[in-house]
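Working notes, beginning with the structure itself.
Protein chains: 2
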Amino acid sequence: MSPAQVPASEQVEIDLGDRSYPILIGAALLDAPGTWAGVPASTQAVIVSNTTVAPLYAARLRAAIAARHRSVDLVVLPDGEAHKDWQTLNLIFDSLLAKACDRKTVLYALGGGVVGDMTGFAAASYMRGVPFVQVPTTLLAQVDSSVGGKTAINHPLGKNMIGAFYQPRLVVCDLTTLATLPPRELSAGLAEVIKYGPIADMEFLGWIEQNIAGLLARDTALLAHAVKRSCEIKAQVVGHDERESGLRAILNFGHTFGHAIEAGLGYGEWLHGEAVGCGMVMALQLSQRLGLVDEAFAQRVTALIARAGLPVVGPRLGAARYLELMQVDKKAEGGEIKFVLIDRPGHATVRGAPDGLVREVIEHCTQGA
Amino acid sequence: MSPAQVPASEQVEIDLGDRSYPILIGAALLDAPGTWAGVPASTQAVIVSNTTVAPLYAARLRAAIAARHRSVDLVVLPDGEAHKDWQTLNLIFDSLLAKACDRKTVLYALGGGVVGDMTGFAAASYMRGVPFVQVPTTLLAQVDSSVGGKTAINHPLGKNMIGAFYQPRLVVCDLTTLATLPPRELSAGLAEVIKYGPIADMEFLGWIEQNIAGLLARDTALLAHAVKRSCEIKAQVVGHDERESGLRAILNFGHTFGHAIEAGLGYGEWLHGEAVGCGMVMALQLSQRLGLVDEAFAQRVTALIARAGLPVVGPRLGAARYLELMQVDKKAEGGEIKFVLIDRPGHATVRGAPDGLVREVIEHCTQGA
Numbered sequence: 001m002s003p004a005q006v007p008a009s010e011q012v013e014i015d016l017g018d019r020s021y022p023i024l025i026g027a028a029l030l031d032a033p034g035t036w037a038g039v040p041a042s043t044q045a046v047i048v049s050n051t052t053v054a055p056l057y058a059a060r061l062r063a064a065i066a067a068r069h070r071s072v073d074l075v076v077l078p079d080g081e082a083h084k085d086w087q088t089l090n091l092i093f094d095s096l097l098a099k100a101c102d103r104k105t106v107l108y109a110l111g112g113g114v115v116g117d118m119t120g121f122a123a124a125s126y127m128r129g130v131p132f133v134q135v136p137t138t139l140l141a142q143v144d145s146s147v148g149g150k151t152a153i154n155h156p157l158g159k160n161m162i163g164a165f166y167q168p169r170l171v172v173c174d175l176t177t178l179a180t181l182p183p184r185e186l187s188a189g190l191a192e193v194i195k196y197g198p199i200a201d202m203e204f205l206g207w208i209e210q211n212i213a214g215l216l217a218r219d220t221a222l223l224a225h226a227v228k229r230s231c232e233i234k235a236q237v238v239g240h241d242e243r244e245s246g247l248r249a250i251l252n253f254g255h256t257f258g259h260a261i262e263a264g265l266g267y268g269e270w271l272h273g274e275a276v277g278c279g280m281v282m283a284l285q286l287s288q289r290l291g292l293v294d295e296a297f298a299q300r301v302t303a304l305i306a307r308a309g310l311p312v313v314g315p316r317l318g319a320a321r322y323l324e325l326m327q328v329d330k331k332a333e334g335g336e337i338k339f340v341l342i343d344r345p346g347h348a349t350v351r352g353a354p355d356g357l358v359r360e361v362i363e364h365c366t367q368g369a
Numbered sequence: 001m002s003p004a005q006v007p008a009s010e011q012v013e014i015d016l017g018d019r020s021y022p023i024l025i026g027a028a029l030l031d032a033p034g035t036w037a038g039v040p041a042s043t044q045a046v047i048v049s050n051t052t053v054a055p056l057y058a059a060r061l062r063a064a065i066a067a068r069h070r071s072v073d074l075v076v077l078p079d080g081e082a083h084k085d086w087q088t089l090n091l092i093f094d095s096l097l098a099k100a101c102d103r104k105t106v107l108y109a110l111g112g113g114v115v116g117d118m119t120g121f122a123a124a125s126y127m128r129g130v131p132f133v134q135v136p137t138t139l140l141a142q143v144d145s146s147v148g149g150k151t152a153i154n155h156p157l158g159k160n161m162i163g164a165f166y167q168p169r170l171v172v173c174d175l176t177t178l179a180t181l182p183p184r185e186l187s188a189g190l191a192e193v194i195k196y197g198p199i200a201d202m203e204f205l206g207w208i209e210q211n212i213a214g215l216l217a218r219d220t221a222l223l224a225h226a227v228k229r230s231c232e233i234k235a236q237v238v239g240h241d242e243r244e245s246g247l248r249a250i251l252n253f254g255h256t257f258g259h260a261i262e263a264g265l266g267y268g269e270w271l272h273g274e275a276v277g278c279g280m281v282m283a284l285q286l287s288q289r290l291g292l293v294d295e296a297f298a299q300r301v302t303a304l305i306a307r308a309g310l311p312v313v314g315p316r317l318g319a320a321r322y323l324e325l326m327q328v329d330k331k332a333e334g335g336e337i338k339f340v341l342i343d344r345p346g347h348a349t350v351r352g353a354p355d356g357l358v359r360e361v362i363e364h365c366t367q368g369a
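Right under this line is the structure:
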């Protein structure tokens, strides 16, 4: 069977009324013409990618979608979280306007989370909204940005501070593209997969523990299940709370500490998923110190995070700096820092915590670093 | 009766499901505490204004809303369409982040259309969306940006190219603030008022013809009716088409030629309303030359535009330049320029037109300039 004939092995429907869309998950989806049947036909299309991913996949994507658009242009952004800023976003707008792209122009985000977030925000903002398609080529982007419609750029004073909730028309997770992913990024993606266990599904946590070696070896069938289950859980949460007023915040498990790590070290030093992995360890410690879960549970999840190749000890920024950085985080409302904590295995809650306890956790989790 | 006791003389409800909001229209609304009763209470609020309007009204607004927010900050932007860009928008983000504003922070847009558009886009984008209130202090902003949720900034290659559809929680049109409006800006606002006649309501057109002198003399009761009726018509159109897929485009009567005038001269040379006024004259000429309306009708509306103190002869940019500038306009889809034309008095349509005819109109309407 040629790659063009391989069907999508998994599919998740994201049900958001008139903003509903499917996520296709499988091997060799990029080249299969059927993959793109649901994309609105338009005169113009623009593929947005980066200097790492474009040479690998842009020509193949362009060929696959050529039947749906009269012209397909390519915008190549510099690679990395450090470029997730207005200047780089503007490269997309410059290109769209230079080509006189109209409001039916379809944008394709081909790359990891940074490309997806920036392309999504560009699509949300260009002429106040044009259609876009996510083609995530990292595990993290496949499990994290496929669902939820969060798009954003960073500001010097905070991560993801400027953005929009904006849904794609289609998400295509081609697992074959993960073959070129550096091992560190595979682990970073697994952090967001593991996350869904403690917050929502202990059976899934057990499945990941059993299959972590196969996942690290990039077994396609295992990856397909991991991506599908992650998207399903996220979709369930987001379906109840599209604009993040309450429940959806549990998806930020590990992110409050994680964002502080990223901001404190300077974006790009640690990968987002690495910071989230370590952030989960800190959030587990805080949950344990508040008496919400026992030590065995915190140890069990921490051990899995370590087996996935993720850091479990944070950088020594000092407790005061951590607190300062978390204060400006989006989850700090009215000045109080809100943490996503595990209050029983498979269930998360959002609440504040005494500063003293948070300082203890930071001291404990950054020792030996 | 003290100003604080003056009730809103008019009110228009904008019905958009869970994004519905009221427009209050009346004299001395700014200082009346009851005006602000519907605004979400929050710890932080930020008034965004400009160097012209802030000295006149910011202190009064701050005093009026002080009961609803623990802290009220003020961001003063440079005045004018020339500053409706990313750099100026970023002054708002810088301030919000420097003050660690959370996602419940309420933004108040105090000023004309530029302040409203930028504050609205900042509110749409800051942390992916915070509540905002429009306090338009120009006639144009009161009739044009009160309804529709259009927010945007300009790009060097096009006007309003980057933005969002984002609804305010409340719009307060205090007619008393129009006392400080320069005469040129009053006329510019009347352009958008007049617009609603030919596209939707010939009775309203007759009313404006009868009352144009009183409107120019800033009679509060006449202004209240003009603002209310304009908002009602716009609300009716927008209610059917929130995201501008079809019908809503008729609101852009005069805007295709108008945007070309603004872009061709450089933003800020002509006021937006002046360009729209002259753009309506050109669109009427095109409608007439296509045989959609007769000469008497085109002359009648052109005469009213002139009586309102608006230019009816366009700048001589050359037909080629006009066409080039209109090509990149948002209404050009798949390369064809779409014009909003009057196909019978009180009714508009959106369609293309032969280039030769468009050139004739441009030649005709820019002679003698």
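Chains as they are written, first to last, in full-length UniProt numbering: chain A, 1 to 369; chain B, 1 to 369. Even for Gly, the Cβ is constructed at its ideal location relative to N, Cα and C.
**Asked** In whole angstroms, what is the alpha-carbon distance linking Ile92/A and Ala283/B?
**Response** Taking the first residue of the first sequence as position 1, residue 92/A is located at position 92. Taking the first residue of the second sequence as position 1, residue 283/B is located at position 283. Annotation: Ile92/A to Ala283/B spans about 33 Å, alpha carbon to alpha carbon.
**Request:** Evaluate Arg184/A with the Cβ neighbour count: other Cβ atoms within 10 Å of its Cβ, from every protein chain shown; 16 or more gives buried, anything less gives exposed.
**Result:** Start at 1 with the first residue of the first sequence, and residue 184/A comes out as number 184. Label assigned to Arg184/A: exposed.
**Best match in Val106/A, Asp73/A, Thr119/A for proximity to Trp86/A [C-alpha to C-alpha]** = Here residue 86/A refers to the residue found at position 86 of the first sequence. When only C-alpha atoms are compared, the closest one is Thr119/A.
**Item:** Chain-ordered chain B contacts of Gln327/A [CB-CB under 8 Å]
**Value:** Counting from 1 along the first sequence, the entry for residue 327/A is found at position 327. Under the 8 Å cutoff, chain B gives Ala100.
**Message:** If you follow the beta strand (DSSP E) that Leu74/B is in, where does it begin and where does it stop?
**Reply:** Position 74 of the second sequence, counted from the start, is the residue given in the question as residue 74/B. Taken as a continuous stretch (DSSP letters only), the beta strand (DSSP E) holding Leu74/B covers 69-77.
**Prompt:** For Lys234/A, which of Tyr267/A, Gly197/A, Arg218/A has the nearest alpha-carbon?
**Reply:** Numbered from 1 along the first sequence, position 234 holds the residue referred to as residue 234/A. The candidate whose alpha carbon is nearest that of Lys234/A is Gly197/A.
**Request:** With distances taken Cα to Cα, identify the nearest neighbour of Trp207/A among His225/A, Gln285/A, Glu10/A.
**Result:** For this step, residue 207/A is matched to residue 207 along the first sequence. Answer by Cα proximity: His225/A.
**Request:** Indicate the three-state DSSP secondary structure (helix, strand or coil) for Ser125/A in the structure shown.
**Result:** Residue mapping note: residue 125/A aligns to position 125 of the first sequence, counting from 1. Of the three classes helix, strand and coil, the one that applies to Ser125/A here is helix, per DSSP.
**Asked** For chain A, is any of its Cβ atoms less than 9 Å away from the one on Phe165/B?
**Response** Position 165 of the second sequence holds residue 165/B. Output row for Phe165/B: interface = yes.
**Item:** Burial state of residue 370/B, where buried means 16 or more other Cβ atoms lie within 10 Å
**Value:** This structure leaves residue 370/B out entirely; chain B is present only between 1 and 369.
**Prompt:** Ends of the beta strand (DSSP E) at Arg344/A?
**Reply:** Here the question's residue 344/A lines up with position 344 in the first sequence. Its beta strand (DSSP E) spans residues 339-344.
**Request:** Specify the secondary structure class of Pro3/B as computed by DSSP and reduced to three states.
**Result:** Residue mapping note: residue 3/B aligns to position 3 of the second sequence, counting from 1. Its pLDDT being 38, under 50, Pro3/B is placed unreliably by the model, and nothing is read from it.
**Message:** Taking a contact to mean a Cβ-Cβ separation below 9 Å, would you say Gln167/A touches Tyr57/A in this structure?
**Reply:** In the first sequence, the residue the question calls residue 167/A occupies position 167. In the first sequence, the residue the question calls residue 57/A occupies position 57. Contact: no.
**Asked** Ile162/B touches chain A at which residues, Cβ-Cβ below 7 Å?
**Response** Here residue 162/B refers to the residue found at position 162 of the second sequence. Within 7 Å Cβ-Cβ: Phe93, Ser125, Tyr126.
**Asked** With C-beta atoms as the reference, is residue 389/B less than 9 Å away from Leu107/B?
**Response** In the structure as shown, chain B begins at 1 and stops at 369. Residue 389/B is therefore absent and cannot be evaluated.
**Message:** Does the CB of His155/A have a neighbour CB from chain B at under 9 Å?
**Reply:** Residue 155/A sits at position 155 when you count from the first residue of the first sequence. Judged by the 9 Å Cβ criterion, His155/A is in contact with chain B.
**Asked** How big is the Cα-Cα spacing for Asp102/A and Ile47/A?
**Response** Indexing the first sequence from 1 puts residue 102/A at position 102. Indexing the first sequence from 1 puts residue 47/A at position 47. Approximately 15 Å between the Cα atoms of the pair.
**Prompt:** So with Cβ pairs under 9 Å, would you call Lys84/A a contact of chain B?
**Reply:** Counted from its first residue, the first sequence places residue 84/A at position 84. No - not a single Cβ of chain B is within 9 Å of the one on Lys84/A.
**Asked** Name the DSSP bridge partner or partners of Pro136/B?
**Response** One-based indexing of the second sequence puts residue 136/B at position 136. The partner list for Pro136/B (beta bridge, DSSP) reads Gly111/B.
**Asked** Does the beta carbon of Gly129/B sit closer than 9 Å to a beta carbon anywhere in chain A?
**Response** In the second sequence, counting from the first residue as 1, residue 129/B sits at position 129. So, interface residue.
**Request:** Determine, using beta carbons only, whether Asn252/B comes closer than 9 Å to chain A.
**Result:** Mapped onto the second sequence, residue 252/B falls at position 252. By this cut-off, Asn252/B is not an interface position.
**Prompt:** Are Ala45/B and Val328/A touching if we call contact CB-CB under 9 Å?
**Reply:** Translated into the one-based positions of the second sequence, residue 45/B becomes position 45. Translated into the one-based positions of the first sequence, residue 328/A becomes position 328. Not closer than 9 Å, so no.
**Message:** Counting only Cβ pairs nearer than 7 Å, list the residues of chain B close to Leu341/A.
**Reply:** Position 341 of the first sequence, counted from the start, is the residue given in the question as residue 341/A. Residues of chain B passing the Cβ test: none, with the nearest at roughly 20 Å.
**Message:** Below 7 Å on C-beta distance, what does Ala152/A contact in chain B?
**Reply:** Here residue 152/A refers to the residue found at position 152 of the first sequence. Correct list: Arg128.
**Request:** From the DSSP output, in three-state form, read off Phe253/A for me.
**Result:** Against the first sequence, residue 253/A aligns to sequence position 253. Residue state, collapsed to three classes: coil.
**Prompt:** Would a C-beta distance cut-off of 9 Å place Val340/B and Phe253/B closer than the cut-off?
**Reply:** Here residue 340/B refers to the residue found at position 340 when the second sequence is read from its first residue. Here residue 253/B refers to the residue found at position 253 when the second sequence is read from its first residue. Yes, the pair counts as a contact, with Cβ atoms nearer than the cut-off.
**Prompt:** Where do the N-terminal and C-terminal ends of the beta strand (DSSP E) with Thr43/B fall, by residue?
**Reply:** Counted from its first residue, the second sequence places residue 43/B at position 43. Element bounds for Thr43/B: 42-50.
**Prompt:** Does Ala8/A have its Cβ less than 9 Å from a Cβ in chain B?
**Reply:** Translated into the one-based positions of the first sequence, residue 8/A becomes position 8. Confidence at Ala8/A is low in this model, with a pLDDT of 47, below 50, so its placement is unreliable and no value can be given for it.
**Asked** Among all the DSSP beta bridges, which residues are the ones paired with Tyr21/B?
**Response** Residue mapping note: residue 21/B aligns to position 21 of the second sequence, counting from 1. In DSSP, Tyr21/B forms a bridge with Ile14/B.
**Message:** With a threshold of 9 Å between beta carbons, is Leu97/B in contact with chain A?
**Reply:** Taking the first residue of the second sequence as 1, we reach residue 97/B at position 97. Closer than 9 Å: yes.
**Message:** Let me check understanding here. Comparing Cα to Cα, which of Ser49/B, Ser145/B, Thr177/B lies closest to His272/B?
**Reply:** Locating residue 272/B in the second sequence gives position 272, where the first residue counts as 1. The residue with the shortest Cα to Cα distance from His272/B is Ser145/B.
**Prompt:** How would you write the range of the beta strand (DSSP E) that Leu170/A sits in, first residue to last?
**Reply:** Here residue 170/A refers to the residue found at position 170 of the first sequence. Taken as a continuous stretch (DSSP letters only), the beta strand (DSSP E) holding Leu170/A covers 170-174.
**Asked** For Ala8/B, does the three-state DSSP call read helix, strand or coil?
**Response** By 1-based counting over the second sequence, the position of residue 8/B is 8. Legend: pLDDT at Ala8/B = 47, less than 50; position of this residue unreliable, no value from coordinates given.
**Request:** Tell me, to the nearest whole angstrom, how far the beta carbon of Gly149/A is from that of Ser125/B; I am working on the premise that it is less than 8 Å.
**Result:** Translated into the one-based positions of the first sequence, residue 149/A becomes position 149. Translated into the one-based positions of the second sequence, residue 125/B becomes position 125. The Cβ separation is near 14 Å, so there is no contact.
**Asked** So, is the C-beta of Gly158/B closer than 9 Å to a C-beta in chain A?
**Response** For the purposes of this step, residue 158/B is taken as residue 158 along the second sequence, with counting starting at 1. Judged by the 9 Å Cβ criterion, Gly158/B is in contact with chain A.
**Message:** Does Arg128/B pass the burial test, meaning 16 or more other C-beta atoms within 10 Å, or should it be called exposed?
**Reply:** Locating residue 128/B in the second sequence gives position 128, counting from the first residue. Burial call: buried.
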